[in-house]
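To keep things clear, I will list the structure first and then write my remarks on it.
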Amino acid sequence: MDSPREEFPRVSVDTQQDWQRIRANFTQAVYARLDEQLALNNLTGQRSLFADHVQQLIDATFDIARANVRVNGRNLEDLNGDGREVEIFDEALDRRIWSLSDQRLISEREIAIKRRTRPQEVVTLLEDLLQRQQAEADDTNEEPDE
Numbered sequence: 012m013d014s015p016r017e018e019f020p021r022v023s024v025d026t027q028q029d030w031q032r033i034r035a036n037f038t039q040a041v042y043a044r045l046d047e048q049l050a051l052n053n054l055t056g057q058r059s060l061f062a063d064h065v066q067q068l069i070d071a072t073f074d075i076a077r078a079n080v081r082v083n084g085r086n087l088e089d090l091n092g093d094g095r096e097v098e099i100f101d102e103a104l105d106r107r108i109w110s111l112s113d114q115r116l117i118s119e120r121e122i123a124i125k126r127r128t129r130p131q132e133v134v135t136l137l138e139d140l141l142q143r144q145q146a147e148a149d150d151t152n153e154e155p156d157e
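Below, the structure is given as structure tokens:
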């Protein structure tokens, strides 16, 4: 059954500020790790050279992740970035709506199947009843009068 629902759910974040905080924490952790590795290899003087590559890595990582994130129930890549807050998205309500939609599709399918099969079942039943009635009438006509 084809459904417009996404096959793989996206990561949900409540606000764009939460997404920015995640990005900032990731960036901070990556640069801390870079500084640690540069100190171990005595390359602290070349930090700016490595920092450019690290920033490209961070940007690429978050560009890839952008397609798999929902902010307040809306796809992150669909947001225009104006910083305007919208009403909080209710994930439980969204799941309930999708569940009801799936249930409706199942019910509609069952109705369609019954619309195709029931008329023939009724015809078969009526033919059987008429045959029995005819057989009963023939039996009563053939019995000798006593």
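Position one of the sequence shown corresponds to residue 12 (my numbering), numbered consecutively onward. Think of the CB as a built atom: it goes at the ideal place given N, C-alpha and C, for glycine as much as any other residue. Nothing here was measured: the structure is a model prediction, and the numbers come from that model.
Checklist entry - In terms of DSSP beta bridges, what is R127 paired with? => result As a working mapping, residue 127 is identified with position 116 in the sequence shown. None; R127 has no bridge partner.
Checklist entry - Can you list the beta strand (DSSP E) stretches of 3 or more residues lying completely in the stretch 34-103, in chain order? => result 80-82
Next on the checklist: With H, G and I counted as helix, E and B as strand and the rest as coil, what does DSSP make of M12?
Outcome noted: Indexing the sequence shown from 1 puts residue 12 at position 1. Per-residue confidence for M12 stands at a pLDDT of 41, beneath the threshold of 50, marking its modelled position as unreliable; the derived number appears in the next sentence. Coil at M12, not helix or strand.
Next on the checklist: Buried or exposed, going by whether 16 or more other CB atoms sit within 10 Å of the CB of W109?
Outcome noted: As a position in the sequence shown, residue 109 is number 98, starting the count at 1. When all chains shown are included, W109 counts as exposed.
Checklist entry - Name the DSSP bridge partner or partners of S23? => result Along the sequence shown, read from residue 1 onward, the residue named residue 23 stands at position 12. DSSP output for S23 lists R81 as bridge partner(s).
Item to check | Burial state of V133 (16 or more Cβ within 10 Å) | outcome: Within the sequence shown, residue 133 is the residue found at index 122, counting from 1. So V133 counts as exposed.
Next on the checklist: Whole angstroms are fine: how far does the CA of Q48 sit from the CA of A76?
Outcome noted: Stepping through the sequence shown from its first residue, residue 76 is reached at position 65. Stepping through the sequence shown from its first residue, residue 48 is reached at position 37. Roughly 26 Å separates the two Cα atoms.
Item to check | Buried/exposed call for L68, threshold 16 Cβ in 10 Å | outcome: Here residue 68 is taken as the residue at index 57 of the sequence shown, counted from 1. With fewer than 16 Cβ atoms within 10 Å of its Cβ, L68 is classed as exposed.
Checklist entry - What is the rounded straight-line gap between the Cα of I122 and the Cα of R106? => result Position 111 of the sequence shown, counting from 1, holds the residue named residue 122. Position 95 of the sequence shown, counting from 1, holds the residue named residue 106. Looking at the two C-alpha atoms, the distance is approximately 24 Å.
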